[in-house]
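K.L.:
The structure's right below; bear with me while I get my questions together.
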Amino acid sequence: MELDAQDVAALLAEVETFSLQRVMAASERPEIILTDQLLGALSDEAAGLGLIPGTDGPSGLALWENCDQQEGMAFNIGLLTQVAYANAGIAFAWHRAALARAVTGALQHQVRLGSVLGMTMLSTGHYGLAQSALGRLLAQQATPEDEGVLADWLDHDSHRCVLFAAESWETLVWPIWQAGRIGWQVLARDQLIVQACAAQHGLDELRGYLVGLTSRKDVASGLLAAPATALYERFLKLDMMGLLAIAVGAGQRSATYARQYAGIRRQGGKFIAQHPAVQQMLGEIEMALGQAKAMLQQLARPVDELSLGAVAGVRGLVQASLCQAANQSVQVHGGIGYMRDAGPEKIVRTQNMLRLQAGGLREVPLLLAALQGGQA
């Protein structure tokens, strides 16, 4: 279904209302961890409104169901940004669940799910972005050595991957190395080794897991059609864009925290917003956020018109600055900013975890150089 600008505006107004009245209200106290039951209830409500895919198949308007039209991409990015302003962990859960549905839908694979968040996904291997091997593969310049690196990167039998998802997840979609190309595999939870992480830095609404194959024989099960590297590139771009949109939404919330606190807290007989040091920090937050929003808006185009290099480059630049901006918000709050019931501290941890998803940021320069034909 095609959308026009008025449709997008109306849909995003509905998203904003739902985000502020339901999502933010349910998670207003940052020190209280949202229960999986409440997360499921909010997700059911969102699916009922058509904002995210439900269990009964695509509607054509929900998150990541329209990626080949500019207005559809504007809706996808706007939805994640607005929900992340209310709660970034919930936005992340919806993003990965909807993207998993998009992968299986693109490969015409039907999965029966017991809940809206029953399926989730990973877009990369066990660590990083396979150095420069992934970039050379996508640039059709892979060497035998690169193929060895990629086979190890996607060797789910030997290596465990870190997954963040709702406790009730049932099915995982992830990339797999097959016949010299990257394909997709869908496995039920009981086909995987699943180990809950003992400690978790951020994304408090979700749970962290180490996941891997139970045995070598499961490598060949659950494969989705023939491996298609171009299709992998498409969904890696969407995952990176979704993570960036969530980071921008969380950054806007962090900036709101800082502005509001600076406007009510007094020191030395005046509001701290009038102190040059605080003004400097507020200005740096606004600079990082303004740059992030402007660059994110440039990505609101049909996904196939965007190169992976452009998306990864924007993410590598912007998400690091948003992490710094979140830290500045904590500093504006002074000592109270480090308290878990204040709000900014939680966003720092969330931004740190978002930057580690989809291969993280450290190997983005190697990916970009390889995509351009460099020998990184």
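One rule links them: number in our numbering = place in the sequence shown (from 1) + 1120.
Glycine included, C-beta positions come from ideal geometry on N, C-alpha and C.
Remember, it's a predicted structure, so these values are computed and weren't measured experimentally.
How would you call Met-1239, buried or exposed, if buried means at least 16 neighbouring beta carbons within 10 angstroms?
P.N.:
Translated into positions along the sequence shown, residue 1239 becomes position 119. The residue in question, Met-1239, is buried, as its Cβ has 16 or more Cβ neighbours within 10 Å.
K.L.:
Determine the direct distance from the alpha carbon of Gly-1410 to that of Gln-1311, and round the result to whole angstroms.
P.N.:
For the purposes of this step, residue 1311 is taken as the residue at position 191 of the sequence shown. For the purposes of this step, residue 1410 is taken as the residue at position 290 of the sequence shown. Between Gln-1311 and Gly-1410, the C-alpha separation is close to 44 Å.
K.L.:
In the DSSP assignment, what are the bridge partners of Tyr-1329?
P.N.:
The residue given as residue 1329 occupies position 209 in the sequence shown. Answer is Leu-1283, Ala-1316.
K.L.:
Buried or exposed: where does His-1215 fall if 16 or more other Cβ atoms within 10 Å of its Cβ makes it buried?
P.N.:
Counted from its first residue, the sequence shown places residue 1215 at position 95. By the neighbour-count rule (16 or more Cβ atoms within 10 Å), His-1215 is buried.
K.L.:
In chain order, what residues of the same chain have a beta carbon less than 7 Å from the beta carbon of Gly-1234, not counting five sequence neighbours either side?
P.N.:
Residue 1234 sits at position 114 when you count from the first residue of the sequence shown. Once the five neighbours on either side are set aside, the close Cβ partners of Gly-1234 are Glu-1290.
K.L.:
Comparing alpha-carbon positions, which option in Val-1314, Pro-1178, Gln-1477, Gly-1383 lies nearest Leu-1330?
P.N.:
In the sequence shown, counting from the first residue as 1, residue 1330 sits at position 210. Nearest option by C-alpha distance: Val-1314.
K.L.:
Look at the Cβ atom of Thr-1137, then the Cβ atom of Gly-1322, and state whether they are nearer than 8 Å.
P.N.:
Here residue 1137 refers to the residue found at position 17 of the sequence shown. Here residue 1322 refers to the residue found at position 202 of the sequence shown. Thr-1137 places its beta carbon 8 Å or farther from that of Gly-1322.
K.L.:
If we count the other Cβ atoms within 10 Å of its Cβ and call it buried at 16 or more, is Pro-1264 buried or exposed?
P.N.:
Locating residue 1264 in the sequence shown gives position 144, where the first residue counts as 1. Result: exposed.
K.L.:
Quick one: complete alpha helix (DSSP H) runs, 4+ long, within the stretch 1403 to 1477?
P.N.:
1428 to 1452, 1464 to 1476
K.L.:
So, does the stretch 1291 to 1302 touch the stretch 1158 to 1165, judging by three or more C-beta pairs under 8 Å?
P.N.:
no
K.L.:
Comparing alpha-carbon positions, which option in Val-1203, Ala-1182, Val-1468, Ala-1125 lies nearest Arg-1142?
P.N.:
Sequence index remark: in the sequence shown, residue 1142 carries index 22 (1-based). It is Val-1203 whose Cα lies nearest to the Cα of Arg-1142.
K.L.:
Measure the Cβ-Cβ separation of Ala-1370 and Ile-1405 and say whether it is below 8 Å.
P.N.:
Counted from its first residue, the sequence shown places residue 1370 at position 250. Counted from its first residue, the sequence shown places residue 1405 at position 285. Contact flag unset, no.
K.L.:
If you run the structure through DSSP and keep just helix, strand and coil, what is Pro-1178?
P.N.:
To locate residue 1178, count along the sequence shown from 1; it is residue 58. Three-state DSSP puts Pro-1178 in coil, outside helix and strand.
K.L.:
Jot down the residue ranges of each uninterrupted beta strand (DSSP E) in the stretch 1182 to 1241, minimum 3 residues, whole runs only, in chain order.
P.N.:
Listed in chain order, the complete beta strand (DSSP E) runs (minimum 3 residues) inside the stretch 1182 to 1241 are 1239 to 1241.
K.L.:
Identify, in the order they occur along the chain, each residue of the same chain with its Cβ nearer than 8 Å to the Cβ of Gly-1168, setting aside the five sequence neighbours on each side.
P.N.:
Residue mapping note: residue 1168 aligns to position 48 of the sequence shown, counting from 1. Answer for Gly-1168: Gly-1174, listed in chain order.
K.L.:
Am I right that Gly-1245 and Trp-1273 are in contact with their C-beta atoms under 8 Å? What's the rounded C-beta distance?
P.N.:
Translated into positions along the sequence shown, residue 1245 becomes position 125. Translated into positions along the sequence shown, residue 1273 becomes position 153. Confirmed, Cβ separation roughly 4 Å.
K.L.:
To which residues does DSSP link Leu-1387 through a beta bridge?
P.N.:
Translated into the one-based positions of the sequence shown, residue 1387 becomes position 267. Position check: residue 1387 holds Gln in this sequence, whereas Leu was assumed. Paired residue(s): Lys-1390.
K.L.:
Skipping 5 residues on each side, what residues in its chain have a beta carbon closer than 8 Å to that of Arg-1460?
P.N.:
Counting from one through the sequence shown, the residue named residue 1460 turns up at place 340. The residues Pro-1150, Glu-1151, Lys-1466, in chain order, have a CB closer than 8 Å to that of Arg-1460 in the same chain once the five nearest residues on each side in sequence are set aside.
K.L.:
Can you tell me which of Gln-1387, Ala-1125, Ala-1130, Ile-1210 puts its alpha carbon nearest to the alpha carbon of Gly-1454?
P.N.:
Against the sequence shown, residue 1454 aligns to sequence position 334. Minimum Cα distance to Gly-1454 is reached at Gln-1387.
K.L.:
Go ahead and pull the three-state DSSP assignment for Ala-1308.
P.N.:
Numbered from its first residue, the sequence shown carries residue 1308 at position 188. Strand at Ala-1308.
K.L.:
Is it true that the stretch 1126 to 1134 meets the stretch 1297 to 1308, where meeting means three or more beta-carbon pairs spaced less than 8 Å apart?
P.N.:
no
K.L.:
Does DSSP put Arg-1301 in a helix, a strand or coil?
P.N.:
Taking the sequence shown and counting its residues from 1, the one referred to as residue 1301 is at position 181. Three-state result, Arg-1301: strand.
K.L.:
Quick one: residues in its chain with C-beta nearer than 7 Å to the C-beta of Leu-1219, no 5 flanking neighbours on either side, listed in chain order?
P.N.:
Start at 1 with the first residue of the sequence shown, and residue 1219 comes out as number 99. Around Leu-1219: Trp-1184, Met-1241, Phe-1355, Leu-1358, Asp-1359, Gly-1362.
K.L.:
Of the residues Ala-1206, Leu-1258, Glu-1134, Val-1135, which one's Cα is nearest the Cα of Ala-1145?
P.N.:
Reading the sequence shown from its first residue, position 25 is the one you call residue 1145. The shortest Cα separation from Ala-1145 among Ala-1206, Leu-1258, Glu-1134, Val-1135 belongs to Ala-1206.
K.L.:
Where does the unbroken alpha helix (DSSP H) through Pro-1264 begin, and where does it stop?
P.N.:
Here residue 1264 refers to the residue found at position 144 of the sequence shown. From DSSP, the alpha helix (DSSP H) with Pro-1264 extends over 1264 to 1273.
K.L.:
With a cut-off of 8 Å, do at least 3 Cβ pairs link the stretch 1392 to 1407 to the stretch 1441 to 1453?
P.N.:
yes
K.L.:
Whole angstroms are fine: how far does the CA of Asn-1186 sit from the CA of Leu-1123?
P.N.:
Start at 1 with the first residue of the sequence shown, and residue 1123 comes out as number 3. Start at 1 with the first residue of the sequence shown, and residue 1186 comes out as number 66. Their backbone Cα atoms lie some 9 Å apart in a straight line.
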